[in-house]
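Novice: Heads up: the protein sequence lines correspond to chains A and B, in order.
So in my numbering the end of the first sequence lands on 324, straight run, no missing numbers.
So in my numbering the end of the second sequence lands on 324, straight run, no missing numbers.
Structure below; questions to follow.
Protein chains: 2
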Amino acid sequence: MSDRPAESCTCSALRRATRALTAAYDAALKPAGLRVTQFALLRYLDRLGPIPVTRLAAEAALERTTMGRNLDPLKRRGLVAITPGAEDPRARIVSLTGAGREALAAATPYWREAQARINARVDPATVSAVAEALIAAS
Amino acid sequence: MSDRPAESCTCSALRRATRALTAAYDAALKPAGLRVTQFALLRYLDRLGPIPVTRLAAEAALERTTMGRNLDPLKRRGLVAITPGAEDPRARIVSLTGAGREALAAATPYWREAQARINARVDPATVSAVAEALIAAS
DNA sequence: GACGGATAGGTGCATATGCACCTATCCGAT
DNA sequence: ATCGGATAGGTGCATATGCACCTATCCGTC
């Protein structure tokens, strides 16, 4: 057991903040039956349209296999559809279903509420700047 | 598929930054055979001394059961020991073993290196401030 | 001393994350 | 036409995270 005040770990501090923030968003989205990760994924699909898994993963800066698995619960609930690519049969094209679009629309007000609550207390531009700087520095 | 530029999700941005930062720290700590979560846990134990799981979880702002499971790989590798509490037999007292102390010491230079690299590029005080503000706002 | 709420912890389940390794297909060079 | 590297994706494994629900023990009150 050491003495001396411990220098705080930048990474652990950020992980902790992310846990707290994720819990807040998840709680806000709970009535819509989505987690913030799932909501973000549906939003990507809405913005990008039908897209292969690997490109979707690149867009979200997620590991390819992670994206594959994150799609599973949405697939199971019928919010996204996965079809083989027309040109390249290896590709799996992910797209929003009607139910997915509805779920996204239903969840968006809850997300906006969470977003507004947080953004009112912490300047979102600052958060963005810090986040981008950390990504660049990593 | 909507048009209009998408307002970026504060939570997703932070999650993404945390993934990147965690990967950087994990890579830095790889020679020491620890992940940043595990390193942070060993550091807590070093600072706090033998401590029951629930209190350790509270210190780290982690869910109690999450802490229990995060201890598993460290337990398996003999870096921490878990003994029943002397006064309260329900309590499980977690403590650093000799091997745990050695692993912590061996990993610390790698952690410092990662910490220095990041802190040189992103002001750690700003990161701390943002992290704390987000925790308070959540 | 017995009862009942509070407290310490564990287990099952589900999601989130990434690595190592595998298969299948594509496509350019020969 | 074929061969070999590149590319799309999946699976197994391990960790990280938290919720719901369970047991065991403690302790104050009667």
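Note that beta-carbon positions come from the ideal geometry of N, C-alpha and C, so glycine has one too.
With 8 Å set as the bound, which would you pick, yes or no: does the beta-carbon of TYR211 (chain A) sit closer than that to a beta-carbon of chain B?
Specialist: yes
Novice: For THR252 (chain A), count neighbouring C-beta atoms within 10 Å of its own C-beta (all shown protein chains included) and say buried if the count is 16 or more, exposed if not.
Specialist: exposed
Novice: So if DSSP puts ARG278 (chain B) in a beta bridge, which residue, or which two residues, is it bridged to?
Specialist: For ARG278 (chain B), which the question treats as bridged, DSSP gives the partners B:PRO270.
Novice: Measure the alpha-carbon distance for ALA322 (chain B) versus PRO236 (chain A) and round it to whole angstroms.
Specialist: 38 Å
Novice: Would you call the CB atoms of VAL222 (chain B) and TYR211 (chain B) closer than 8 Å?
Specialist: yes
Novice: State yes or no: is the beta carbon of VAL280 (chain A) nearer than 8 Å to at least one beta carbon in chain B?
Specialist: no
Novice: Using the beta-carbon of each residue, which ones in chain B are nearer than 8 Å to ARG130 (chain A)?
Specialist: Summary: the structure shown does not reach residue 130 (chain A), with chain A confined to residues 187 through 324, and so no result is reported for it.
Novice: Where do the ends of the alpha helix (DSSP H) carrying ALA170 (chain B) lie?
Specialist: Nothing can be reported for residue 170 (chain B), as the shown portion of chain B is limited to 187 through 324.
Novice: Check whether chain A comes within 8 Å of ASN256 (chain B), counting only Cβ atoms and requiring the distance to be less than that.
Specialist: Chain A, which has no Cβ nearer than 8 Å to the Cβ of ASN256 (chain B), makes this no.
Novice: Tell me the DSSP bridge mates of ILE237 (chain B)?
Specialist: B:VAL280
Novice: In three-state DSSP terms, what is GLY219 (chain A)?
Specialist: coil
Novice: Run through DSSP, which three-state label would GLU245 (chain A) get?
Specialist: helix
Novice: Output the boundary residues of the alpha helix (DSSP H) element that contains GLY254 (chain B).
Specialist: 250–262
Novice: What residues of chain A sit near ARG202 (chain B), judged by a beta carbon separation below 9 Å?
Specialist: ALA246, ALA247, LEU248, ALA317, ILE321
Novice: Do VAL266 (chain B) and LEU248 (chain B) have their CB atoms nearer than 8 Å?
Specialist: no
Novice: Does LEU207 (chain B) get closer than 8 Å to chain A when you measure Cβ to Cβ?
Specialist: yes
Novice: With 8 Å set as the bound, which would you pick, yes or no: does the beta-carbon of ALA199 (chain B) sit closer than that to a beta-carbon of chain A?
Specialist: yes
Novice: Find out if the Cβ-Cβ distance for the pair ALA206 (chain A), LEU242 (chain B) is shorter than 8 Å.
Specialist: no
Novice: Using 8 Å as the threshold, is the C-beta distance between ILE278 (chain A) and ILE268 (chain A) below it?
Specialist: Strictly speaking, residue 278 (chain A) in this sequence is Arg, with Ile absent from that position. Yes. Within cutoff.
Novice: Comparing C-alpha positions only, which one of B:SER198, B:LYS216, B:ASP232 sits nearest to LEU290 (chain B)?
Specialist: For LEU290 (chain B), the nearest C-alpha among the options comes from B:ASP232.
Novice: Run through DSSP, which three-state label would ALA192 (chain A) get?
Specialist: Note: ALA192 (chain A) maps to coil in three-state DSSP.
Novice: Tell me which residues share the same chain as GLU245 (chain B) and place their Cβ nearer than 7 Å to its Cβ, disregarding the 5 neighbours each side in the sequence.
Specialist: TYR230, LEU234
Novice: For the putative contact between THR204 (chain A) and ILE304 (chain B), defined by C-beta atoms under 8 Å, what is the C-beta separation to the nearest angstrom?
Specialist: About 16 Å separates the two Cβ atoms, so there is no contact after all.
Novice: So the candidates are B:ALA226, B:ALA209, B:ALA218; which of them puts its Cα closest to the Cα of ALA192 (chain A)?
Specialist: Checking every option, the nearest Cα to that of ALA192 (chain A) belongs to B:ALA226.
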